[in-house]
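Participant: There's a structure below that I have some questions on.
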Amino acid sequence: MNNTLLTPFCAALQDVLSTMAQLDVELGEQGVKQGLSAQGEVSGVIALVCNQQQGSMAISFSGPLIMAIFERMLGEAHTEIDAEICDLAGEITNMVTGAAKPRLVELGFDLALTRPQTFSGNPHDILHNGSGTVLAQRIHSSLGDATLELCF
């Protein structure tokens with residue numbers, strides 16, 4: 000897999016965070032993920048079915064970043080990871096997938112959308128739904144970092 004499929008998800012994440020949390024994020028390093036460990040404290044993972052191939056996309060947020068996004072979106076401060084924070088990570092994962100879908104259709108990839116799952120803890124593992132290489136895109140902001148992963 001090359002980064003052709005990763006680009007629409009990265010653009011969608013930038014759009015969602017800009018619109019919903021008034022947060023600008025920058026794309027950082029991109030590469031092949033080694034191992035299973037998540038790069039953040041909270042992760043949203045969504046299974047993807049595309050052109051009869053199975054894969055998944057995950058977004059792992061640092062604790063400070065996801066708590067700041069929660070406060071910006073919902074006006075409520077959190078000082079620890081709880082069920083509401085995990086729910087938000089899943090909802091952002093869902094919004095990013097939905098926003099990426101039209102861009103992927105233009106490229107000839109028609110996604111069937113599923114419900115995201117969330118995982119938390121430091122550390123926690125991400126088990127992708129695909130058998131291919133896991134591409135990882137680091138995301139940087141003034142409030143913390145995230146990593147977007149894609150596997151097909």
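Mapping to numbering that gives the first Met the number 0: the sequence shown position 35 is 34, numbers consecutive. Beta carbons: idealized from backbone N, C-alpha and C, even for Gly. Just so it is clear, the structure is predicted and the values come from calculations on it, not from any experiment.
1. Answer with buried or exposed for threonine 146, where buried requires no fewer than 16 other C-beta atoms within 10 angstroms of its C-beta.
2. Could you tell me which residues DSSP puts in a beta bridge with serine 36?
3. Go ahead and pull the three-state DSSP assignment for phenylalanine 118.
4. Which of helix, strand or coil does DSSP assign to glutamate 25?
5. Leaving out the 5 sequence neighbours to the left and right, which residues in its chain are closer than 7 Å to glutamine 52 when beta-carbon positions are compared?
6. Within 10 Å of its beta-carbon, does glycine 54 have 16 or more other beta-carbons around it, so buried, or fewer, so exposed?
7. Look up isoleucine 138 in the DSSP assignment and give the residues it is bridged to.
8. So, is glycine 30 buried or exposed, given that buried needs 16 or more other C-beta atoms within 10 angstroms?
9. Label valine 104 either buried or exposed according to how many other C-beta atoms from any shown protein chain fall within 10 Å of its C-beta, with 16 as the threshold for buried.
10. Does glutamate 148 pass the burial test, meaning 16 or more other C-beta atoms within 10 Å, or should it be called exposed?
Facilitator: So, from the listed chains and residues:
1. buried
2. Asp124
3. strand
4. strand
5. Phe151
6. buried
7. Leu26, Ala145
8. exposed
9. exposed
10. buried
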